[in-house]
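K.L.:
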Amino acid sequence: MSRRSLLHVLAAACLATFLSSWTTFAIPLTQAPKGAEVYIIWPGDGAVIDGGKLWVRMGLKGMGVCPKGIERPNCGHHHLLIDADLPPLDKEIPNDRNHLHFGAGETDARIELPPGKHTLQLLLGDSKHVPFDPPIYSKKITITVR
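All letters in the sequence shown, in the order written, are residues 476 to 621 by the numbering used here.
Quick look at the structure:
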């Protein structure tokens, strides 16, 4: 093997080692206060909604609500999971049509869903959209839109 090929192999091995160790670095998680709870005020589990537009009211006990980017003790913001399971609880919460972020500190939101059965669940995120430790999430509820 030429010296140049050997250097390429060594560089690739170093890069692979670095990248594999990089993925093991965990995002530092924000500690949650004991007894904190997040819950869906409305709609209730089993609700039947006429039309696809509805308000979701979000509740929080034992903590405050603040916008993303604001780092205050015992403060976070809501994320609404629609027809989705909990995401990895040690990474930033996804931001897509199934994971809605309320980074302005909203406690209610108007959403639109197609007809059918849907699940809703809240997950509280810290200033960086990462779940707390331990994670604070609501019971998953099921609603029907007709």
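We put the CB at the ideal spot given by N, CA and C, even for glycine.
Using a threshold of 8 Å, state whether the C-beta atoms of T628 and V540 are closer than that.
P.N.:
Since the displayed the chain opens at 476 and closes at 621, residue 628 lies outside it and no answer follows.
K.L.:
Quick check on DSSP: helix, strand or coil for D558?
P.N.:
Correct three-state label for D558: coil.
K.L.:
Considering just the uninterrupted stretch of the beta strand (DSSP E) at R585, what are its terminal residues?
P.N.:
D583 to E587 is the span of the beta strand (DSSP E), which, as asked, contains R585.
K.L.:
Please classify S496 as buried or exposed, where buried requires at least 16 neighbouring CB atoms within 10 angstroms.
P.N.:
The predicted position of S496 is uncertain, since its pLDDT is 46 and thus under 50; a value taken from the coordinates is nonetheless stated next. Per the 10 Å Cβ criterion, exposed.
K.L.:
Based on Cα-Cα distance, which residue from V531, I557, N549 and W530 lies nearest to D608?
P.N.:
Taking only the C-alpha atoms, the option nearest D608 is N549.
K.L.:
Is it buried or exposed for V605, if we count other Cβ within 10 angstroms and need 16 for buried?
P.N.:
Looking at its Cβ environment, which holds 16 or more other Cβ atoms inside 10 Å, V605 is buried.
K.L.:
Below 8 Å, how does it come out for the stretch 560 to 568 and the stretch 514 to 528: are there three or more Cβ pairs, yes or no?
P.N.:
Result no; under three Cβ-Cβ pairs closer than 8 Å.
K.L.:
Return the Cβ separation of P508 and G534 in integer angstroms, given the expectation that the two are a contact with Cβ distance under 8 Å.
P.N.:
That pair is no contact at about 16 Å.
K.L.:
What does the alpha-carbon distance come out to for the pair I586 and P503?
P.N.:
About 32 Å.
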